[in-house]
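Data first, discussion second: the structure below is written as structure tokens.
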Amino acid sequence: MTHVRKAAGAAAGILLITLVIAGCGGSGDSATTTTVTEAATAAVATETEASTTEPPTTEAPPPMTQATATTAPPEEPAIMPDVVCMNLQDAQNKIQDAGVFFSRSTDATGRGRSQILDRNWIVVAQTPDPGTPIGEGDAVLSAVKIGESDSC
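To convert a position in the sequence shown, counted from 1, into the working numbering, add 36.
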């Protein structure tokens, strides 16, 4: 059977090359094309005959296993901790420990400064209040630089 497939593949390859040459303005000799086509047809017919004489395999597919859907238990909502009077980095860490990894911070003086080094800032107010369920981005911490006037 392997020899039949190789012969069929070779015949098909010759047919393809001949058709490409003919399509590119080759000699246009239709007898060559006909001969190759007949050879390819004979090879395919031989392969078909060979494959029908072999007994078909009747292996049954492996049994299907039923997948059981497992659902994770519903997560408990994170609860906003009390982080007022903590340095900003420690406050963010405490919020992350509660299960929320994205919190926001603002300059409590209203000057719009960015909190680059979080350890140099102290939280003077927070939203929402401690004990409130929170999600990602819900926690907003208002902070001033350490040494500036604050209520702590």
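Where a beta carbon is used, it is the ideal one built from N, C-alpha and C, also for glycine. Owing to the predicted nature of the structure, the values given are computational and were not obtained by experimental measurement.
Proximity winner among the options, relative to residue i (alpha-carbon distances)
i	options	result
residue 175	186, 167, 94	167
residue 184	173, 165, 144, 169	144
residue 169	97, 96, 114, 99	114
residue 117	165, 173, 98	165
Beta-ladder partner(s) of residue i, from DSSP
i	result
residue 140	176
residue 163	176
residue 130	Paired residues: none, contrary to the question.
residue 114	170
Cβ neighbours of residue i in the same chain (closer than 7 Å, five flanking residues each side left out)
i	result
residue 128	139, 154
residue 181	156, 157
residue 141	124, 151, 177, 179
residue 77	Its pLDDT being 48, under 50, residue 77 is placed unreliably in this model, and the coordinates cannot settle the point.
residue 173	138, 140
Same chain only: Cβ atoms within 6 Å of residue i, ignoring 5 sequence neighbours per side
i	result
residue 112	none
residue 121	188
Nearest-angstrom Cβ-Cβ length linking residue i and residue j, presumed shorter than 8 Å
i	j	result
residue 171	residue 136	7 Å
Query raised in the report: Is the stretch 148-160 close to the stretch 130-137, with three or more CB pairs under 8 Å?
Result: no
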